[in-house]
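Using the numbering used here, you'd call the opening residue of the sequence shown number 998 and step up by one each time.
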Amino acid sequence: MRIISFAIIISLSLLTKGQNVFTKFQDTVLHDNFVSNQYNFPQKYNALELFIVENDQYRLKRINDNSYSISYAKLENDISSFEIRANILLVRTKNKKASGGLVLHGQSAGNGAIVFEINSKKRFKISKLFDNQLRYLSGTPKEQGWVKSSAINKKGRNEIRVVTEGGYYDLYINNKHVYTAYDNQFVEGKVGFYVNASSELLVYDVLVKKKKKGVIEQEIGGSDSSGGGSISDPSFQEVIVLFKAKIDEQQIEINNLKKENDKCRSMLNYDTTLVTKAQEYQINNQILTHKLDSTSSELRKAQKRLVYLESVKEDIEKGSNGDLVLNLTTILAELKKENKDLKQESADIKAVNAGLKKDNEVLLREIDRLKYMLNIRE
């Protein structure tokens, strides 16, 4: 009976979608507002996808209309329990199924991750990517995991925040808790961004925080055991926390001061394919410009020739010149007729000559016969 009651309590806690993670994450692992290029995320451009930092934002675009693209943050180690917050904008495209969002607990082997995404229809979806297959952790199979939420802004940016610990994933959209999912397959992993096929996502800032390390407390405890009781004073611990927060703020300020320099250098991270295409376009542009100049020159010559011929035509058709054309046409027709008659007469003469030649041959044979007869009589 106790087991059944426990199962019912667990089921009800999941169905109510209440928050399950209440830990305060204060240790900053990653903060990037893309004002300066801190190289926290990869940048590349090819026929399938585009990742680039530009205009104080991180732009992700899946060019290909198949599959999806994932960009992981360049962290030294995988993280387990943490909080991630990002301000994102899903760019409107012709693709009605466009979507994008966050990726948590991404596996190094590339065969696992927890994906949080939104679309342009004010819906969100949580799913588990494993062995190139998606398993819905939210919604129903009929809706393909999508859940309608009034917290999502249909236009403009949306702040997506996920807090995870012990297999629970609390999802907040624009500071409103909208869903809690549970899956304990991935204990730790990478964090990053997800963009679906033929979709484009703009990221304006991202913040990742985890639990504070227990090293300070351990060192304080060790010093106390060695004889120094004053170090374990809570006020001293508070000072250390304040110093840590101050250092984090100064680090952010330093990164912001690098804006102009890094913004210029960021363009150098384009893929060589982009540079090659730019050169090809430049060469093609020069060729087309040359062809255009040649065509324009020929067109000007043709127009001048046309003007000249039209003026000649007008001169001929006006006044006596028109009679001259008619006279020349008549004379030409008469000459053609005479030429035809002469050709016919020549043919007749040739026929007569052929007949005379034949008669001449007959006469010559007759003369030879008569000569032969005379010789016999003699």
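Beta carbons: idealized from backbone N, C-alpha and C, even for Gly.
Predicted model, so just to flag it, every value in this text is computed and none were measured.
So residue i packs on residue j, CB below 8 Å; how close in whole Å?
i: Tyr1065; j: Tyr1191; result: 6 Å
i: Phe1113; j: Gly1098; result: 5 Å
i: Ala1095; j: Ser1117; result: 6 Å
i: Ser1196; j: Asn1092; result: 6 Å
i: Ile1170; j: Ser1135; result: With 8 Å as the limit, Ile1170 and Ser1135 do not qualify as a contact, their Cβ atoms being about 12 Å apart.
i: Ile1123; j: Tyr1179; result: Not confirmed; about 10 Å, so no contact.
i: Ile1164; j: Asn1150; result: For clarity, residue 1164 is Gly in the given sequence; the question names Ile instead. Not really, about 29 Å apart at Cβ, beyond 8 Å.
i: Val1018; j: Thr1137; result: That belief does not hold up - the Cβ atoms of Val1018 and Thr1137 are roughly 24 Å apart, past 8 Å.
i: Ala1194; j: Asp1290; result: In fact, because the Cβ distance is near 43 Å, the residues do not count as touching under 8 Å.
Please classify residue i as buried or exposed, where buried requires at least 16 neighbouring CB atoms within 10 angstroms.
i: Asp1029; result: buried
i: Arg1059; result: buried
i: Gly1142; result: buried
i: Val1349; result: exposed
i: Ser1033; result: buried
i: Ile1237; result: exposed
i: Lys1187; result: buried
i: Gln1040; result: buried
i: Val1304; result: exposed
i: Lys1368; result: exposed
i: Gly1189; result: buried
i: Leu1371; result: exposed
i: Tyr1278; result: exposed
i: Ile1373; result: exposed
i: Ile1081; result: buried
i: Leu1168; result: buried
i: Phe1240; result: exposed
i: Arg1362; result: exposed
i: Ala1070; result: buried
i: Leu1296; result: exposed
i: Val1309; result: exposed
i: Leu1339; result: exposed
i: Leu1057; result: buried
i: Val1203; result: buried
i: Arg1120; result: buried
Give a yes or no on whether the C-beta atoms belonging to residue i and residue j are separated by under 8 Å.
i: Leu1101; j: Val1159; result: yes
i: Thr1025; j: Lys1206; result: yes
i: Ser1077; j: Glu1185; result: yes
i: Leu1086; j: Ile1115; result: no
i: Asp1053; j: Phe1038; result: no
i: Leu1131; j: Leu1072; result: no
i: Phe1183; j: Gln1247; result: no
i: Lys1208; j: Phe1022; result: yes
Per DSSP, which residues does residue i bridge with? Please list them.
i: Thr1025; result: Lys1206
i: Ser1096; result: Asn1116
i: Lys1145; result: Arg1120
i: Gln1040; result: Looking at the DSSP assignment, Gln1040 forms no beta bridge with any residue, so it has no partner.
i: Glu1051; result: Gln1054
i: Ala1110; result: Leu1126
i: Glu1162; result: Tyr1165
i: Glu1156; result: Asn1084
i: His1174; result: Tyr1169
i: Leu1199; result: Arg1056, Leu1086
i: Lys1187; result: Gly1103
i: Ser1066; result: Val1192
i: Tyr1179; result: Tyr1165
i: Glu1046; result: Arg1059
i: Leu1414; result: Not covered by the structure: residue 1414. The range shown for the chain is 998 to 1375.
i: Leu1131; result: Leu1126
i: Ile1076; result: Gly1186
When every heavy atom of the ligand COA is checked, does at least one fall within less than 7 Å of the C-beta of residue i?
i: Arg1056; result: Looking at this structure, you won't find the ligand COA or any other ligand, since it has none at all.
Next on the checklist: Counting beta carbon pairs with one atom in the stretch 1103-1121 and one in the stretch 1034-1048, are three or more of them shorter than 8 Å?
Outcome noted: no
Item to check | Contact between the stretch 1124-1136 and the stretch 1150-1157 (3+ Cβ pairs under 8 Å) | outcome: no
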